[in-house]
Amino acid sequence: MLYQPEIETLAIEKLRKLQNERLVAQVAYVYNRVPFYKKQMDEAGVKPTDIKSIHDLHKLPFTKKNDLRDNYPFGLFAVPQSEITRIHGSSGTTGKPTVVGYTKGDIDIFSEVIARSLTTAGCKPGMIMQNAYGYGLFTGGLGIHYGAEQLGMAVVPISGGMTERQIMLMQDFRSDVLCCTPSYALTIAEELKKRGIAPESLNLKFAVLGAEPWTESIRAEVEKGLGVVATNIYGLSEVMGPGVSQEDYEEKGSGSYIWEDHFFPEVVDRVTGLPLPEGQPGVLVFTTLTKQAMPVLRYWTNDITTIYYDRAGKRTHIKMGQIIGRSDDMLIIRGVNLFHTQVEAVLEGFNDLSANYQLIVKNEGKMDEVDVKVELDPELCSALGLESIDIEFIKSHDRLGQVHRIFQKKIKDNIGLTMKVEFMMPGAIPRSEGGKLNRIVDTRKK
Ligand code: DLL
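Mapping of the sequence shown onto the working numbering: residues 6 to 451, in sequence order.
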């Protein structure tokens, strides 16, 4: 099912024409209204009239997170404060947040792309949605909320956390849809299992997961543990919030549709900033085409992914792959670039291991090292009567010793790094308590 069939399947020439018209207008709009953009473009020697189509985008300078910080709080707003209806902030935990603003018109478009995304995820009017994204400065809660209402769903604005309560309401309200981070979906699934609540006894059908990187191994665990079809929703506050792209529930694993009529994507080289050919991973860059309060030109998201231009799905809009990680979170270990999702991807297919893992980065001698801590599958532990971890026992145990060796070897083969693998008892690794989960502990001295 499509939410806006005429836009979602717009012939590519028409989509391009729309994008070009919107881009030309958006560039002139920010040049005339935001001193920061006027200065950036003047310094780069680019006039608004030089931008005639998306092919001219490369002439514009990038906008980076620092530019938002330097103009804190409202310096990049293109409208008088009286026209601002809502203010959100980035999820950063330290220092000042990255501030973004919306006009009434922006909120309407935000809701429209969320309604489109939720339909793409399998949601329908009349369904009950349990929205466990955080409400507050974070765009997840309110962003999804308004879009779900626009679609005609009944929203339960429970926000993140209070897992017991989540489960009680899920049972009593017969919620059809759960929206939350993938790591929190795992927490809920685990709690259900602990309490002996079968996923079939619930009414959940879909989970719409995003706000942090995740891979197929987590999808498999969430789908099994909650009895849902789980899809990816992507977005960032600076561009809008959630709903910049969304995976289709019937085309899982083939990428997420980018709503190109509002957000124009590019993938560029992390170092040179030059556009990359299709299929090569690089930094995702977005230019908003219709924003009023805080448009961004060539916003450097720091997110690493790949764009597929084959347009082979139900819609004509292009798809992006899963986010591998953020370039500012990339570890460089003995000369090898490492994202935690690469380790997560290796976990796929290891039924004796759970999707609860953590990377410990350390430097005890000359070289940086990474240890992988991963929890054993709880059912396996009870079947073996295992109550604590003894590394010598694991190594000498037929089944566990073999899993240990194969997992370590697969990490080396796939990632190119030797990592110490430590098996943990279920529950030993921190869980998401409702929001984004940090899976890396860096103990190196800065
Ligand atoms: O996380 C918006 C959002 C809310 C998206 C709910 C999806 C669901 P910020 O707090 O500004 O906004 O963080 C944006 O989170 O640049 C990515 O690094 C990461 N991110 C968001 N969605 C995904 C995803 C929201 N599906 C930053 N996969 C982005 C991987 C994601 N990373």
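Glycine is no exception: its CB is placed at the ideal position from the N, C-alpha and C atoms.
Since this is a predicted model, take the numbers as computed values, not measurements.
- Annotation: the continuous alpha helix (DSSP H) that includes Asn419 extends over 403-420.
- Runs of the beta strand (DSSP E) lying entirely within the stretch 158-188 and spanning at least 3 residues, in chain order: 159-161, 182-185.
- Taking the C-beta atoms as reference points, Lys198 is found no nearer than 8 Å to Val233.
- As computed with DSSP, Trp305 is found in a beta bridge with Val290.
- In this structure, Val290 lies away from Tyr313, with their beta-carbon atoms at least 8 Å apart.
- Remark: C-beta atoms of Glu427 and Gly166 do not approach each other more closely than 8 Å.
- According to the DSSP assignment, Ala212 belongs to the beta strand (DSSP E) that extends over 211-215.
- For the alpha helix (DSSP H) assignment, the uninterrupted runs of no fewer than 4 residues enclosed by the stretch 79-166 are, from N- to C-terminal side, 109-125, 144-156.
- With a threshold of 7 Å, the Cβ atom of Ile163 does not count as near the ligand DLL, since no heavy atom of the ligand is closer than that.
- Here DSSP, grouped into helix, strand and coil, assigns Met424 to coil.
- Not one heavy atom of the ligand DLL falls within 7 Å of the beta-carbon of Phe268.
- DSSP places Val227 inside the alpha helix (DSSP H), whose first and last residues are 221-231.
- About 16 Å separates the CB atoms of Asp266 and Leu62; that is not less than 8 Å, and the two are not in contact.
- Environment of the ligand DLL, chain-ordered: Ser95, Ser96, Tyr138, Phe143, Thr144, Gly145, Gly215, Ala216, Glu217, Pro218, Asn237, Ile238, Tyr239, Gly240, Leu241, Ser242, Gly246, Pro247, Thr306, Asp308, Ile328, Arg331, taking every residue with Cβ within less than 6 Å of a heavy atom.
- Taking a C-beta distance under 8 Å as the contact criterion, Asn208 and Arg179 qualify as a contact pair.
- Lys378 is bridged by DSSP to Gln363, Glu427.
- DSSP, reduced to helix, strand and coil, places Ala194 within a helical segment of the structure shown.
- Bridge partners of Pro247 according to DSSP: Gly240.
- In this structure, the beta-carbon distance from Glu217 to Pro187 falls below 8 Å.
- For Phe41, the enclosing alpha helix (DSSP H) stretches over residues 40-49.
- By alpha-carbon distance to Ile112, the top candidate from Lys129, Gln155, Gly278 is Gln155.
- With distances taken between CA atoms, Leu65 lies nearest to Pro53 out of Asp75, Asn76, Pro53.
- With respect to Cys386, Pro435 sits apart: the two C-beta atoms are not nearer than 8 Å.
- Per the DSSP secondary-structure output, Arg275 pairs with nothing in a beta bridge.
- According to the DSSP secondary-structure assignment, Thr68 is paired through a beta bridge with Tyr304.
- For Val29, the closest of Pro10, Ser261, Thr14, Ser58 by C-alpha to C-alpha distance is Ser58.
- Per the C-alpha coordinates, the member of His402, Asp376, Asn356 positioned closest to Pro383 is Asn356.
- In this structure Thr90 is exposed. Its beta-carbon is surrounded by fewer than 16 other beta-carbon atoms within 10 angstroms.
- In this structure Gln251 is in contact with Ser261, their Cβ atoms being roughly 5 Å apart against a cut-off of 8 Å.
- Nearest neighbour of Cys184 by Cα position, chosen from Ile328, Ile416, Gly148, turns out to be Gly148.
- Taking a cut-off of 8 Å on C-beta distances, the stretch 7-22 touches the stretch 119-139, as three or more cross pairs fall below it.
- Annotation: the continuous alpha helix (DSSP H) that includes Leu352 extends over 345-352.
- Sixteen is the threshold: when 16 or more other Cβ atoms of the shown chains lie within 10 Å of the Cβ of Ser222, as they do, the residue is buried.
- When the Cα atoms are used, Phe398 and Ala235 turn out to be separated by approximately 37 Å.
- With at least 16 other beta carbons inside 10 angstroms of its own, Asp72 counts as buried.
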